[in-house]
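Student:
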Amino acid sequence: MGQNATLEGDSAVIVSLSEAAMHMYSAAIDALPFPEDKKFHKRADVVLSGLRKLRASLTEAASSNRPSPAVIVALSGVRQRYDSLMAHAAAAPGSSLGQQIYVTRIHAKLSAQEVANGAGLRDGLLDELEAGATPTDDEAAKIRETIAALGGLPGDDHGIHAVPTPADFDAPEESDVNGWDPVLVSENAG
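In the working numbering, the protein residues as written are 53 to 242.
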């Protein structure tokens, strides 16, 4: 019984520290300048670095012999906030390839290792790029090809804008509510 109480106490401390850290990171995220601001990426990178450290600590705690729903809930919250900030940073002008490939692979539901293997990149490179490393020209080309192959950056229309179809003013105005065709719907349906 004493051992179990100690493990629960450890989990409570871990979660409390995580919540305190997330409170500070959330305040820092809320205080970020607009994405077009020159200082945006520098400040976002500091927060992302801290979130990566917190995520790593919570991942370790969640995989230890300390089973705790509170730890995995905290880990989930950190991952969601991290992913959200990475998506915001990747969509901002001047985003890094590391941010772009991270958001693209997360959207595609692929791990860093799966993408690296599929793109012919060395193990660990994507994690390094996510943390701010600079790829070689060859690596950068492979990453750009991979981003394109996976459909591009989520939310980016790649300059292709849908052209609205002009209204047909000669067509009769639809008089049926909700688009129901009365011929297809009988009174005794059901």
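For glycine and all other residues, C-beta sits at the position ideal for the given N, C-alpha and C.
Since the structure is predicted, the reported quantities are computational estimates derived from the model, not experimental observations.
Going by DSSP, what residue range makes up the alpha helix (DSSP H) through Phe92?
Tutor: For the purposes of this step, residue 92 is taken as residue 40 along the sequence shown, with counting starting at 1. Where Phe92 is concerned, the enclosing alpha helix (DSSP H) stretches over Phe92 to Ala114.
Student: Alpha carbon to alpha carbon, what distance is there between Pro85 and Phe92?
Tutor: Residue mapping note: residue 92 aligns to position 40 of the sequence shown, counting from 1. Residue mapping note: residue 85 aligns to position 33 of the sequence shown, counting from 1. Distance between the alpha carbons of Phe92 and Pro85: 6 Å.
Student: Candidates Ile199, Gly207 and Ser148: which alpha carbon is nearest Glu180's?
Tutor: Walking along the sequence shown from the start, residue 180 turns up at place 128. Selected option, being the one with the closest Cα: Ser148.
Student: Roughly how many angstroms separate the alpha carbons of Gly190 and Ala108, rounded to a whole number?
Tutor: The residue you call residue 190 lines up with position 138 of the sequence shown. The residue you call residue 108 lines up with position 56 of the sequence shown. The sequence shown places Asp at residue 190, not Gly. Straight-line Cα distance between these residues: approximately 29 Å.
Student: Residues in its own chain within less than 8 Å of Gln151 by CB, not counting five upstream and five downstream?
Tutor: Walking along the sequence shown from the start, residue 151 turns up at place 99. Only Met138, Ala141, Ala142 and Glu182 meet the Cβ criterion.
Student: I'd like to know whether the C-beta atoms of Ala168 and Leu178 end up nearer to each other than 8 Å.
Tutor: What you label residue 168 is simply residue 116 of the sequence shown in a count that begins at 1. What you label residue 178 is simply residue 126 of the sequence shown in a count that begins at 1. In this structure, Leu178 lies closer than 8 Å to Ala168 by Cβ.
Student: Determine, using beta-carbon pairs with one atom in the region 95-102 and one in the region 110-126, whether at least three such pairs fall under 8 Å.
Tutor: The region 95-102 is not in contact with the region 110-126.
Student: Does DSSP classify Gly184 as helix, strand or coil?
Tutor: The residue labelled residue 184 in the question sits at position 132 within the sequence shown. Three-state result, Gly184: coil.
Student: Please work out which residues of its chain come closer than 8 Å, Cβ to Cβ, to Glu71, disregarding the five sequence neighbours upstream and downstream, and give them in chain order.
Tutor: Position 19 of the sequence shown holds residue 71. Cβ within range, chain order: Ala126.
Student: Looking at Pro145: is its Cβ nearer than 8 Å to the Cβ of Pro87?
Tutor: The residue labelled residue 145 in the question sits at position 93 within the sequence shown. The residue labelled residue 87 in the question sits at position 35 within the sequence shown. Against a cut-off of 8 Å, the Cβ pair of Pro87 and Pro145 comes out as a contact.
Student: Mark Ala64 as exposed unless 16 or more other C-beta atoms lie within 10 angstroms of its C-beta, in which case mark it buried.
Tutor: On the sequence shown, position 12 is the one that residue 64 refers to. Classification of Ala64: exposed, given that the 10 Å Cβ count is below 16.
Student: When the Cα of Thr186 is compared with those of Arg157, Met76 and Ile153, which residue comes out closest?
Tutor: As a position in the sequence shown, residue 186 is number 134, starting the count at 1. Minimum Cα distance to Thr186 is reached at Ile153.
Student: Using 10 angstroms around the beta-carbon of Arg174, count the other beta-carbons present and answer buried if the total reaches 16, otherwise exposed.
Tutor: If you number the sequence shown from 1, residue 174 lands on position 122. It counts as exposed.
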